[in-house]
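A.B. asks:
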Amino acid sequence: MSRNQIGTPWSGTHVILLRCSPFLNKTIALHKSLHAPSEPLHLSCSETLSIYLSIGYTIAYVHSLIDGTVQYVLTK
81 MSRNQIGTPW SGTHVILLRC SPFLNKTIAL HKSLHAPSEP LHLSCSETLS
131 IYLSIGYTIA YVHSLIDGTV QYVLTK
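The following block contains the structure:
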């Protein structure tokens, strides 16, 4: 079956990029793949991370960025 055929179910990985300020426990930004299941953001980074882990995402990578923020790469 061709992947481009209409009605073909999604079989890839959903990706969420969550950027946080670790010292303030503040959610800075969230970016997601087009059809990734998502939930409303919480101001607290730890709460946002907890919500996404509870709906089945796993932490694939954690990166410290040059501005002192941390980026979590979540996949499902």
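Mapping the sequence shown onto our numbering, position 75 (from 1) lands on 155, and the numbers just tick up by one. For each residue, glycine too, the CB sits at the ideal point set by N, CA and C. The structure presented is a predicted model; accordingly, all values stated were derived computationally and were not measured.
Helix, strand or coil: which one does DSSP assign to S124?
C.D. replies: S124: strand per DSSP, three-state reduction.
A.B. asks: Measuring straight from C-alpha to C-alpha, what distance separates A116 and L129?
C.D. replies: Going by the C-alpha atoms only, they are around 15 Å apart.
A.B. asks: Starting from I96, trace the beta strand (DSSP E) both ways and give me its first and last residue.
C.D. replies: 95-101 is the extent of the beta strand (DSSP E) around I96.
A.B. asks: Considering only C-alpha positions, which residue in the set D147, T149, S118 is nearest to Y137?
C.D. replies: When each option's Cα is compared against that of Y137, the closest is S118.
A.B. asks: Determine the DSSP secondary structure at S118, reduced to helix, strand or coil.
C.D. replies: Residue state, collapsed to three classes: coil.
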